[in-house]
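Peer 1:
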Amino acid sequence: MTTSLIMGQPAPLSSARGEPRRRRWDRWLPAMVLLAPSLFFLVLFTYWPVARVVGQSLLVGRFSGDNTIGLGNYQRLFADPHFTRAAWNNLVYALGTIVPSLIFALAFALGLREATRLNTLLRTLVVMPLLIPLVAAAALFSFLLLPGDGLVDFYLARFGLGMVNWLGDPDLALGSVIAITVWKNTGYYMLFFLAGLAGVPQELLDAAKIDGAGPWRRLRSITLPMLGPTFAFVVPVALLNALTQVDHIVTLTLGGPSDATSLLLYYIYQQAAQNYDFGLAAAATVVSVAVLLAVSLISFRLLERGTHYES
Amino acid sequence: MRADGRLLSLLAVSAAALLWAVPFAWMAVASLRPGIPADIASLTPAGPFGLGNFVEAWKSGSFPLWYLNTLIMCGGILLVQLVTISMAGYAFARLRFPGRDLLFSAFLLQLLLIPPLLIVPNLATLVSLHLYDTLLGIMAPYFASAFGVFLMRQTFRAIPRDYEEAAMLDGASIAALIRHVLLPLARPGLVAFAIVSLTAHWNEFLWPLMAVSSPKNQVLTVGLASFASGAEAGSAWGIVAAGTFLVAAPLLILFLIFQRRFVSSFVLSGIK
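Note that the protein sequences, when read in sequence, are chains A and B. Its first residue numbered 1, the first sequence is counted upward by one per residue in the numbering used here. Its first residue numbered 1001, the second sequence is counted upward by one per residue in the numbering used here.
1. Find the nearest neighbour of Ala283(A) within the set Val92(A), Phe78(A) and Tyr47(A), judged by alpha-carbon distance.
2. Which chain B residues are close to Val53(A), counting only those with a beta carbon under 8 Å from its beta carbon?
3. Could you name the residues of chain A that Val1240(B) contacts, counting a contact when the two beta carbons are closer than 7 Å?
4. Taking 8 Å as the CB-CB cut-off, is Ser221(A) touching chain B?
5. Let me confirm a value: Ala11(A) is counted as buried when at least 16 other C-beta atoms fall within 10 Å, else exposed. Which label applies?
6. Below 7 Å on C-beta distance, what does Pro49(A) contact in chain B?
7. Between Thr261(A) and the rest of its own chain, which residues show a CB-CB distance below 6 Å, the 5 nearest in sequence each way excluded?
8. Who pairs with Thr68(A) in a beta bridge, going by DSSP?
9. For chain B, is any of its Cβ atoms less than 8 Å away from the one on Leu303(A)?
10. Within 8 Å of any Cβ in chain B, is that where the Cβ of Ile298(A) sits?
11. Please report the distance separating the alpha-carbon of Arg113(A) from that of Phe1143(B).
12. If you reduce the DSSP assignment to three classes, tell me which class Phe987(B) lands in.
13. Can you tell me whether Ser1062(B) sits near the ligand PLP, meaning its C-beta is under 7 Å from at least one heavy atom of the ligand?
14. In angstroms, rounded to a whole number, what distance separates the CA positions of Ala1124(B) and Phe1107(B)?
15. My output table needs one value for Tyr1132(B): the three-state DSSP class, helix, strand or coil.
16. Flag Leu1082(B) as yes if its beta-carbon sits less than 8 Å from any beta-carbon of chain A, otherwise no.
17. How close, in whole Å, do the beta carbons of Phe312(A) and Ala109(A) come, if the pair is a contact with beta carbons under 8 Å?
18. Please report the residue range of the alpha helix (DSSP H) in which Asp1162(B) lies.
19. When the cut-off is 8 Å and only beta carbons count, does Pro1208(B) lie next to chain A?
20. For Asp149(A), decide whether its Cβ has a neighbour in chain B, counting only Cβ atoms nearer than 8 Å.
21. For the putative contact between Phe1205(B) and Leu134(A), defined by C-beta atoms under 8 Å, what is the C-beta separation to the nearest angstrom?
22. Does the CB of Ala290(A) have a neighbour CB from chain B at under 8 Å?
23. Quick check: the Cα distance between Val1196(B) and Thr68(A), rounded to an integer number of angstroms?
24. For Thr162(A), would you say it is in contact with chain B, using Cβ-to-Cβ distances shorter than 8 Å as the test?
25. Quick one: give me the first and last residue of the alpha helix (DSSP H) that Phe141(A) is part of.
26. Short of 7 Å in beta carbon distance, which residues of its chain neighbour Tyr267(A), apart from the five on each side in sequence? Order them along the chain.
27. Check the Cβ of Gly111(A) against every Cβ in chain B and list those closer than 9 Å, keeping chain order.
28. For Gly1238(B) versus Ile1040(B), is the C-beta spacing smaller than 8 Å?
29. Assuming Lys209(A) is part of the alpha helix (DSSP H), what are its boundary residues?
30. Note down, in chain order, each residue of its chain lying with its Cβ closer than 7 Å to the Cβ of Val92(A), except the 5 sequence neighbours on either side.
31. Is there at least one Cβ from chain A nearer than 8 Å to Gln1110(B)'s Cβ?
32. Name the residues in the stretch 265-293 of chain A whose C-beta lies less than 8 Å from a C-beta of chain B; which are they?
33. Measuring only the C-alpha atoms, how far is Thr181(A) from Pro1160(B)?
34. Give the residues from the stretch 71-97 of chain A that approach chain B closer than 7 Å (Cβ to any Cβ), ordered along the chain.
35. Tell me whether Ile1114(B) sits in a helix, a strand or coil according to DSSP, three-state version.
36. Between the stretch 1147-1157 of chain B and the stretch 43-62 of chain A, are three or more C-beta pairs nearer than 8 Å?
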């Protein structure tokens, strides 16, 4: 994105009459008129809310009328074991969803690279989960993972494997939720890997092959480095998803059993919608936004550094 | 030897892709099996089959209302977005003004600060604007779209400036310029954006859940959640499958018909 930001604008439309500096300010009014509608909604629902939630988080004393300014909400937040659990879970969830989805996505992209009729059909199967709501995926998996009668146990029983309480066992629940997310998002990332692979020159791979490089070596030394820009886009998107998509938690596990599947945004939702503790919810929002901004910035920087741009 | 390897990898990737489709296969099969069969998990049951679950689901949920609300929400968001992103995209692509790059970066912040994350302050804003529990309240935070502005900026940049200058020289009015030159040329960008926006909002859950309280304002995803938990309590899995199918079908069908369009739009959403 930074590269396109820097790319300059072509010369002004009309001939160069008048002071350049003045002309630039003359453009300011029409630009503002064009930007005003977007800016209006951005201020109202993006910028102002950030300021507002910081304010909300600093307002202490929700029962008596006289609120004071202080860090009380943050003290309560960091002392709350439910919050620390949600933060830890979110870390596990982020790693547990991103790493396997990217590996699967890349494997699918490599395997389905050639656009044969069969491959196109198989690609469709992998992309389909992207098109359905996460709550619909949750509804399907609530049956697939049902202990005993559910589809997974039904077919596992044929191999003599017993009943597993996939969503009810605190040791398995987060893993099950992770599996749902991996199933849902892999197809999306695969599309980007497919697009990225199209940019890897076949001659380069062929030349390496002639030089005796095996498939693994070609992947490591040519394909993966050339997919740098793809990773630089997909990883931040996957991180954003890990922090902002909790629909399946809300409908399927309610954060349970015993907080095993509670994530940061679910914790915020719980404080706001169930406990009406807006001070705590606001403080948790500020922490989440800070984490999101920091993590995106870092991942973007790191990946950008390892990226090779053409021209 | 080499051919064997290729065959093996084809088999592996086919098996994996088929495994990926199992939840859909179950949804389709189970939705067509009336009653509460003991082997409801089976992907290859003997029958009987019928449309009873769909009738039941349609009756016990408020599907017509949910479809209508979802259409109004998605359509409303998209209509306003198309106006705001075209205007802003044009400004960033064509006009040179002080602070432009800084402002553009500020726009892009919205890619991260999405409404579900800002539930707490945005709910307070909706209440003070008297928009809580209205469809307009669900829509409003999406009326500006950083992604759309970015996409339209790229689109307008790709249109040669000469076209506009020629039209201006011919004495075309601004309105004519927009209608006959800019919009037709910007159409691919607008279509791509429309597909991404429609998919995102059709599937969204948490924000519509929070922004609305009365059943008459519920959208499909929110309706499905309450509907499914009711049917699950009665172990009516066939009805759950049918209800899920009803919610997912419109986009899935559109996707299967316009697959190329969808895929290229999604990929465009990751343009750098």
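Think of the CB as a built atom: it goes at the ideal place given N, C-alpha and C, for glycine as much as any other residue. What you are looking at is a predicted structure, and each value in this text was computed from that prediction instead of being measured.
Peer 2: Well, looking at it:
1. For Ala283(A), the closest of Val92(A), Phe78(A) and Tyr47(A) by C-alpha to C-alpha distance is Phe78(A).
2. Chain B residues near Val53(A): Leu1118, Val1120 and Pro1121.
3. Going along chain A in sequence order, the residues near Val1240(B) (Cβ under 7 Å) are Ala139 and Phe143.
4. No, no contact with chain B.
5. Note that Ala11(A) scores 41 on pLDDT, short of 50, meaning its location in the model is unreliable; the coordinates nonetheless yield the value given after this. The residue in question, Ala11(A), is exposed, as its Cβ has fewer than 16 Cβ neighbours within 10 Å.
6. What Pro49(A) touches in chain B: Leu1118, Pro1121, Asn1122 and Thr1125.
7. Ala173, Leu174, Val177, Ile249, Thr253 and Gly255.
8. Val60(A).
9. For Leu303(A), not one C-beta of chain B is nearer than 8 Å to its own C-beta.
10. It does not: the Cβ of Ile298(A) has no partner Cβ on chain B nearer than 8 Å.
11. Rounded to whole angstroms, Arg113(A) and Phe1143(B) show a C-alpha spacing of 37 Å.
12. Since the first residue of chain B shown is 1001 and the last is 1272, residue 987(B) is not available in this structure.
13. Ligands in the displayed structure: none, and consequently the ligand PLP is not present.
14. Their Cα atoms are separated by approximately 22 Å.
15. Coil, per DSSP.
16. Not one chain A Cβ lies under 8 Å of Leu1082(B).
17. The question about residue 312(A) has no answer, for chain A in this structure spans 1 to 311.
18. Counting along the chain, the alpha helix (DSSP H) containing Asp1162(B) begins and ends at Arg1161 to Leu1169.
19. Residue contact with chain A for Pro1208(B): absent (no Cβ-Cβ distance below 8 Å to any residue of chain A).
20. Chain B contact via Cβ: present.
21. Right, the Cβ-Cβ distance comes to about 6 Å (below 8 Å), so this counts as a contact.
22. Not an interface residue.
23. Looking at the two C-alpha atoms, the distance is approximately 44 Å.
24. The identity of residue 162(A) in the sequence shown is Gly, whereas the question assumes Thr. With 8 Å as the cut-off, Gly162(A) does not count as an interface residue toward chain B.
25. If you look at Phe141(A), you'll find it in the alpha helix (DSSP H) that goes Leu134 to Leu144.
26. For Tyr267(A), where only same-chain residues beyond five positions count, the Cβ hits under 7 Å are His82, Phe83, Ala86 and Ala284.
27. For Gly111(A), the neighbours in chain B by C-beta distance under 9 Å run, in chain order, Ser1009, Leu1010, Ala1012, Val1013, Ser1014, Ala1016 and Ala1017.
28. For Gly1238(B) and Ile1040(B), yes; Cβs fall inside 8 Å.
29. Start and end: Gln202 to Ile210.
30. Only Leu174 meet the Cβ criterion.
31. Cβ-Cβ to chain A under 8 Å: yes for Gln1110(B).
32. Answer in chain order: Leu265, Ile268, Tyr269, Ala272, Ala273, Phe278, Ala281, Ala282, Thr285, Ser288, Val289, Leu292 and Leu293.
33. Between Thr181(A) and Pro1160(B), the C-alpha separation is close to 43 Å.
34. The residues in question: there are none.
35. Of the three classes helix, strand and coil, the one that applies to Ile1114(B) here is coil, per DSSP.
36. Result no; under three Cβ-Cβ pairs closer than 8 Å.
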